[in-house]
């Protein structure tokens with residue numbers, strides 16, 4: 009009976025620590041703090057991340073709780089984040105991204121990689137094509153639905 013109680017205790021402890029992963033309440037860094045530790049600004053993720061998992065091999069999963077669309081700046085790019093975002097992270101590098109797309113002309117295309125090479129710009133890749141934007145554009149976490157209207161995006165690159 010004592011063994012069963014002890015096993016139940018450890019199981020509950022494990023579940024509690026897993027469910028609080030990505031929450032600053034338990035002392036673990038938030039998803040935004042984790043991004044900053046890999047040299048990325050917090051504003052590349054929208055406001056309201058529910059949780060995340062960072063695996064030992066640096067694969068990650070981010071849970072937004074819901075899909076999110078917003079316009080980067082007035083008359084700028086539209087971004088769409090799925091409820092779940094996955095990829096792998098290293099210092100200055102996000103690769104194999106799934107769940108983040110940008111609207112170019114009339115179609116949505118997936119952003120596959122993002123690099124911060126330390127030159128003041130973030131470089132975003134859509135397949136072999138890239139575009140760079142100042143890191144300072146991502147200082148603030150965007151809000152879902154921000155700047156959305158009936159305007160169509162026209163690519164400037």
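In our numbering, the protein residues as written are 9 to 165. Where is the CB? At the ideal position from N, CA and C, for every residue including glycine.
Residue pairing from DSSP places residue 92 in a beta bridge opposite 71.
A direct Cα-Cα distance of roughly 18 Å separates residue 140 from residue 104. A Cβ-Cβ separation of about 7 Å places residue 151 in contact with residue 54 under the 8 Å criterion. CA-CA distance, residue 40 to residue 69, rounds to 13 Å. Shown here for residue 126: same chain residues with a beta carbon closer than 8 Å to its own, the five before and five after excluded, namely 47, 100 in chain order. With respect to residue 89, residue 79 sits apart: the two C-beta atoms are not nearer than 9 Å. In terms of Cα proximity to residue 123, the closest of 52, 147, 94 is 52. The Cβ atoms of residue 135 and residue 117 lie closer than 9 Å to each other.
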